[in-house]
Structures are given as structure tokens and as C-alpha cells.
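Under the working numbering, read the sequence shown as residues 18 to 235, first letter to last.
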Amino acid sequence: MTLKDYNPPKEPYLDIIFQDNDILVLNKQAGLLTVPGKGDHLADCLENRAKDIVPTALTVHRLDMDTSGLIIMGLNKFAHRHLSLQFQNRNVAKEYVALVFGITEENSGEIDLPLICDWPNRPKQKVDHEIGKPSQTKWHVIERYKDNTLLSLTPITGRSHQLRVHMNEIGHSILGDRFYASEKVAKMSKRLCLHSKKLTIMHPVQKKMMTFEQNIIF
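Laid out in C-alpha cells, this is it:
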């Protein structure tokens, strides 16, 4: 899907996983922007849908339009600031699941490849060993199928398109990835098979660790 033919899913309008006075945890659908894009046709997004239900909702972090899964918003300025600092300081534990092309030889590994925006082809990113920003992803096998592998991905850094680029660079592109995968792999799924499965944060007011999990079957 591209922004030219943006037609986000309408049902459910908003999938609320958890809500209290300070935080809102949502399950974003694939094909829905996290925040509005440029132009009225890109106004429908998770942020605006959340504000329709909870007007004080403030975006803390984002997922790519094609990626589904857990997103946390702050419901007041204090909570938003507290959560934003947790993400900025890498104090949030994140786990994604991805269905990738091919069978991995190893059961786990770590990818350490610096990334930078590919300006002529933005918003695409690319590996650049000279001026790219440090980017690390840990992975391990959940299950192997006949032609594909289901992986757990843990981003150590949070670069744009990091998981998509890293998996493509090691020869295991994510199914349905129309930005980086070959045409064959891109057409293997109607959606990008990448999902934010688990988030662990410290509650900004209650000061206790909270883990949210949302499973998926691709």
C-alpha cells in the first residue's frame, strides 16, 4: 500500500487494549497511519481516531503504516513526557514478530548495520557504514515452516524501517514488504507480516512495570 491509494481499514475503528487516567494502549491495524500525513486524504490515522474517543490522547511513538500492533499514548502532559523519555532512553522493552522469506540457518542472532535515509528514494532507508546511525536488532526463531520462518525481533535501537531493512540485508525479507523485498516476496502476502507484539513500560504515575501483549496470526 502507498499513500497514493491510502484506504485504511475502518473496522474496528479503534482497538483499545488498555485505558486508565494516564495511558492508552492500542492495537494498530496494518494500513493505518499512526499520525496524519500531508493532505486531507491522509487525515484518518490512529492519533485522530484516539482523539475522537479520548480527546487528551497524545502520541508517544509510532509504527509504520504497514506495521500492526501495540502503541501506547499518554493521556495528559505528564504521562506523555514520562513515556516519551522512556522511549528516548531505551527503557521500553519491545518485541515484534515477523514472517520472513526462507529458512534461517541459525536459531538466533544480532544484526548490527548502520542506517541512514535514502534521500532520493525517501522514505526508504539504507545501510551506510560511513555516516549511518548505529542500528542493532536481535532475533530468534519462533517456528520454521516449509519456505518461511517466524521470528521474534527485538530492536535495540529504533531507527525508521530498521526491522525491514535489517531482515532484507541478511537475506530474509519480511513477507509483503513492498519497499525492500523482491517482487516475489512482496507478493507473498497482502500485508506486511510485521507486528508489534509486546511492550513493557513503567506506568508514569503508578511507577510499576506493565507489560502488554497482542498476538497475531499472519
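Note that the Cβ used here is the ideal one computed from N, Cα and C, for glycine as well. Here the structure is a predicted model, which is why all the values come from computation and not from measurement.
Are residue i and residue j closer than 8 Å when you measure CB to CB?
i    : j    : result
L239 : Q142 : The chain is shown from 18 up to 235; residue 239 falls before or after that span and cannot be answered.
A67  : L43  : yes
L116 : I191 : yes
L87  : Q223 : no
Specify the secondary structure class of residue i as computed by DSSP and reduced to three states.
i    : result
R161 : strand
Q36  : strand
L31  : coil
E64  : helix
L116 : strand
D135 : coil
I70  : helix
Kindly indicate which residue of the options has the alpha-carbon position closest to the one of residue i.
i    : options                 : result
T76  : G48, Q46 and L41        : L41
A47  : D39, S206 and M227      : S206
T73  : M90, C62, H157 and S85  : M90
G193 : Y23, C210, L92 and A110 : C210
T174 : K111, N65, V71 and E64  : K111
Measuring only from the beta carbon, is residue i closer than 7 Å to any heavy atom that is part of the ligand FMN?
i    : result
L168 : The ligand FMN is absent from the structure shown, which contains no ligand whatsoever.
Report task. Jot down the residue ranges of each uninterrupted alpha helix (DSSP H) in the segment 80 to 107, minimum 4 residues, whole runs only, in chain order. Result -> 94 to 105
Requested in this report: Check whether the segment 219 to 230 touches the segment 195 to 207, taking contact to mean three or more Cβ pairs, one atom from each stretch, closer than 8 Å.
Outcome: no
Report task. Please list the segments of the alpha helix (DSSP H) lying wholly inside the segment 142 to 225, counting only runs of 4 or more residues, in order along the chain. Result -> 179 to 186 and 200 to 203
Query raised in the report: Would you call the segment 46 to 61 and the segment 178 to 187 in contact, with 3 or more CB pairs under 8 Å?
Result: no
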